[in-house]
Amino acid sequence: MIQLGNLYFIKQSFFDLVQDSTLPINKPSDEMGEHGRPSFCAIKIDQGNYYWVIPFSHQVEKYQKVYDKNIQKYGRCDTIEFGYVLGEKKAFLLQNMFPVTEGYFKNVYIDKNTKKPIELSEKLK
Numbered sequence: 001m002i003q004l005g006n007l008y009f010i011k012q013s014f015f016d017l018v019q020d021s022t023l024p025i026n027k028p029s030d031e032m033g034e035h036g037r038p039s040f041c042a043i044k045i046d047q048g049n050y051y052w053v054i055p056f057s058h059q060v061e062k063y064q065k066v067y068d069k070n071i072q073k074y075g076r077c078d079t080i081e082f083g084y085v086l087g088e089k090k091a092f093l094l095q096n097m098f099p100v101t102e103g104y105f106k107n108v109y110i111d112k113n114t115k116k117p118i119e120l121s122e123k124l125k
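Numbering (full-length UniProt numbering), first residue to last: 1 to 125.
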C-alpha cells in the first residue's frame, strides 16, 4: 500500500509506456546496479488508484535561481519547494509532477542506515 509522504521509485515500464520527454527518466543501470529516480506521493485522487508524484533534484542552486527570480517578479513561486532528504537539501519540482497508478510504484525509498522508509518532513507533507 502506498503511504502518502513516503518517497518511492517508479518502475521503468511507466517511462517506457509514456515516453514523455518532459518527465524525468530513471538513470540507466551500470556496474553498481540499477538506479531509480525517487519521487514522492503528494495527492491521491479518489477516482481509481491514481497518485501524483513529484520528482526532486539535488541541483538546488539551479532551482534556487529560478525560485528567487519568481519571487522577485511575482512575489511567490508555486512551482518549486525546498526540503531535506537524508539531511541534504533538495528541490521538489512541483512543475514536473505527474500522475501514476499504484501498479507503477516500484518500491519505497529506504534509508540504508535505519532500514526504514524515508518520509517527508511535516512541513513538506
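Beta carbons are placed, not taken as given, at the ideal position from N, Cα and C, and that holds for glycine. Here the structure is a predicted model, which means the values were calculated and not measured.
Specify, as a first and last residue, the run of the alpha helix (DSSP H) that residue i falls within.
i	result
SER13	12-18
Could you check how far apart the C-beta atoms of residue i and residue j are, in whole angstroms? I think they sit under 8 Å.
i	j	result
TYR104	LYS11	5 Å
LEU23	GLU81	Not quite, the Cβ-Cβ distance comes to about 19 Å (not below 8 Å), so this is no contact.
ILE118	LEU93	So it is not a contact: roughly 17 Å between Cβ atoms.
For residue i, which option in the options has the closest C-alpha, if you only look at C-alpha atoms?
i	options	result
ASP20	GLY83, LYS115, MET97 and TYR51	MET97
PHE40	GLN64, LYS69 and VAL108	VAL108
MET1	ASN113, LYS106, CYS77 and GLN72	LYS106
In angstroms, rounded to a whole number, what distance separates the CA positions of residue i and residue j?
i	j	result
THR79	GLY5	18 Å
GLY48	THR101	8 Å
TYR8	TYR63	22 Å
ASP111	GLU88	13 Å
PHE14	PHE56	18 Å
THR68	GLN59	Reading off the sequence shown, one finds Asp at residue 68, where the question assumed Thr. Going by the C-alpha atoms only, they are around 14 Å apart.
GLN72	ILE54	24 Å
Looking only at its chain, what residues have a beta carbon closer than 8 Å to the beta carbon of residue i, apart from the 5 residues adjacent to it on each side?
i	result
TYR84	LYS90 and SER121
residue 132	No statement about residue 132 is possible, as the shown extent of the chain runs from 1 to 125 and does not include it.
THR114	none
LYS116	ILE110
Only counting the same chain, and skipping five residues up and downstream in sequence, which positions put a Cβ closer than 6 Å to that of residue i?
i	result
PRO99	TYR50 and TRP52
ASN70	CYS77
Looking at the secondary structure, which residues open and close the beta strand (DSSP E) in which residue i lies?
i	result
TYR74	That residue, TYR74, is in no beta strand (DSSP E); its alpha helix (DSSP H) goes 60-74.
GLY83	80-85
ASN107	105-108
residue 127	Limits of the chain in this structure are 1 at one end and 125 at the other, which puts residue 127 out of reach.
Whose C-beta lies closer than 7 Å to the C-beta of residue i among residues of the same chain, with five residues either side of it excluded?
i	result
VAL66	ILE80
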